[in-house]
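Residue numbers (UniProt numbering): 1 to 267.
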């Protein structure tokens, strides 16, 4: 897909290479998705893969923990919902726990960005803001201060790296990891969360945002198309659609399968 860039916009990431890989929507386990994200970043660091954009969903409800998040409530080890065990997986990125159920996840792997972490977050999140704007949803950055780190729930607060709707609902929570000048940023787009499951996990309720159902019908295609178009314009890129091959998935699962230690759960 070739699209014109946003001419004259100083916010366009002109340092990004023109050719990007677009990985089609994929459903898999949390461990597999985290392994793939980490593998794509590793391949980009080695110069074997161009920058990438991909979207994915989770085969079963899953709690993803931040890379450095070592403490969590003990009942998280034995969560079930609608007859399924809620999996636990560790992300390669930082941040706090994210409940993946009723969400769509995006991942961006790129390099050459300048500025502080907050500035890079804001640069990379612009395509999300612009894509959702075309769908009639206005998003802005959150404003929580440093105290948010004491909340184990990523969606319990909205930091400057998160995107919230006009009514205050946190629609997108993102996290990053840097390796040798390259960056992986991925995030959960919380579309239809179960209030019952959310309360079981975090002890608080969540009210779904009431977005139009047609947005996630047909494999989330309206959302993915809008965000991909916005990314093309924002990054000044040309996307080449390229599904992951069985060999690539095997390599990711062999070399980048996440490890989850459980000795520090909180009472």
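For each residue, glycine too, the CB sits at the ideal point set by N, CA and C.
- Taking the Cα of residue 108 as reference, the smallest distance to any Cα among 239, 251, 75 and 70 is reached at 239.
- Under a 10 Å Cβ-count criterion, residue 84 is classified as exposed, with fewer than 16 other Cβ atoms of the shown protein chains found around its own Cβ.
- The alpha-carbon of residue 259 is positioned some 21 Å away from that of residue 45.
- Rounded to whole angstroms, the Cβ separation of residue 214 and residue 222 is 7 Å, and the two are in contact under 8 Å.
- When DSSP states are grouped into helix, strand and coil, residue 106 belongs to the strand group.
- Here residue 139 has 128, 129, 132, 133, 163, 164, 165, 171 and 172 as same chain residues with Cβ atoms under 8 Å from its own Cβ, once five neighbours each way along the sequence are excluded.
- According to the DSSP assignment, residue 120 belongs to the alpha helix (DSSP H) that extends over 117-134.
- Here residue 38 is buried, its C-beta having at least 16 other C-beta atoms within 10 Å.
- By the CB criterion at 9 Å, residue 137 and residue 211 fall inside the cutoff.
- Of 250, 98, 125 and 48, the smallest CA-CA separation from residue 201 is found for 98.
- In the same chain as residue 135, and ignoring 5 residues on each side of it, the C-beta atoms closer than 8 Å to its own belong to 215, 222, 223 and 226, in chain order.
- The bridge partners DSSP lists for residue 165 are 139.
- For the pair residue 36 and residue 55, the Cα-to-Cα distance works out to about 12 Å.
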